[in-house]
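Shown next, in structure tokens, is the structure this report addresses.
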Amino acid sequence: MLDLEFAELSDLGRVRARNEDYLGHVVPGSPARARSHGWLFALADGVGGQRQGEVASRAAVQEVVGGFQRAKGTALQKELLNQLVQAANARVCETGALAGPSGAGMASTIVVCGVRFDRATIAYVGDSRCYLIRNGNAQPITRDHTIAAEQARMGLLSAEEAAAASTRHVLSRSLGGNLFVSVEIDEVQLRAEDVLLQCSDGLYGAVSALEMAQTVSRHRDLNAAARELVSSANEKDGSDNISVQLIRIRSVERMGMYRGRPYKLR
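Right, here's the structure in full:
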């Protein structure tokens, strides 16, 4: 059976007056629930400064967490996570509308990771990231939804130009921008000792992927690793809120799929 451990930490940083990041998770309460639903981890980064970014990120994560807890078990995690993120988008739109003028432009990024059997399904909008750390290397699973990143994917900018562009932090899509949002979803097969790392740009903007992998590899205690990552981001920059979730896979349950239904591999 799938077994994992996790840690999460969110920090104000050294400059911001409010923490616009928000974290949430759902731990299955029984082995049956672990098989039907699995674990869920969500991280959101509110956008807009004075436009109540902290309200947007909290509303988004609470909607995803609540929806996951209410959901019936399904073999297709991709469909469920897409529905949850669409619901989070609607919740942010509604929250902004009810807030009146102060809610105009309310928006948030989100990255959601569902872990079940031997797979992780990651659904995301915006530029919060999920990495897979394996054998001392950290590889991004997500792609940033920013103007510069989209231009790089179209070949209009080189990777170096995109990293330095003034639009590297300008989102091309986010929760709250429209009543429907295009959710990107990826899936990875997991191995024992893999670590999934979700974070806001306050972390990866200051700490490289190599440094993330090295920090996680040094610590068996994920809480200690999270504290070191946040401390390093504050030392190197600290101009933004910093949030991280770490999920270490202890063991997996190998499963196959037949006509949309999982079956155990021997």
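Here the working numbering is used: the first residue of the sequence shown is 163, the next is one more, and so on.
Glycine residues also receive a C-beta, built at the ideal position from the N, C-alpha and C atoms.
Model, not experiment: these values are computed from the prediction.
Extent of the continuous beta strand (DSSP E) to which S328 belongs: First-last for S328: undefined, no H or E at that position.
First and last residue of the alpha helix (DSSP H) that includes A371? 371-380
On a CA-only basis, which of E167, T257, A388 is nearest A221? Give me that one, please. T257
By the three-class DSSP mapping on this structure, what secondary structure does P159 have? No answer is possible for residue 159: it lies beyond the span of the chain, which begins at 163 and ends at 428.
Determine, using beta-carbon pairs with one atom in the segment 166-178 and one in the segment 383-392, whether at least three such pairs fall under 8 Å. yes
Throw me the rounded Cβ distance for the L246 and V226 pair, which I believe falls under 8 Å. Under the criterion of beta carbons closer than 8 Å, L246 and V226 qualify as touching, at roughly 5 Å.
Can you tell which of R353, H199, A206 has the C-alpha that lies nearest to the C-alpha of S413? When only C-alpha atoms are compared, the closest one is R353.
DSSP on Q224, reduced to helix/strand/coil? In this structure, DSSP gives Q224 a helical state, which the three-state scheme calls helix.
According to DSSP, is A314 helix, strand or coil? Helix, per DSSP.
Would you mind reading off the limits of the beta strand (DSSP E) that contains T257? Where T257 is concerned, there is no enclosing beta strand (DSSP E), although the alpha helix (DSSP H) it sits in stretches over 239-260.
Report the rounded CA-to-CA distance for C255 versus H331, giving the unit in angstroms. The alpha-carbon atoms of C255 and H331 are separated by roughly 21 Å.
V223 beta carbon less than 9 Å from that of Y184: yes
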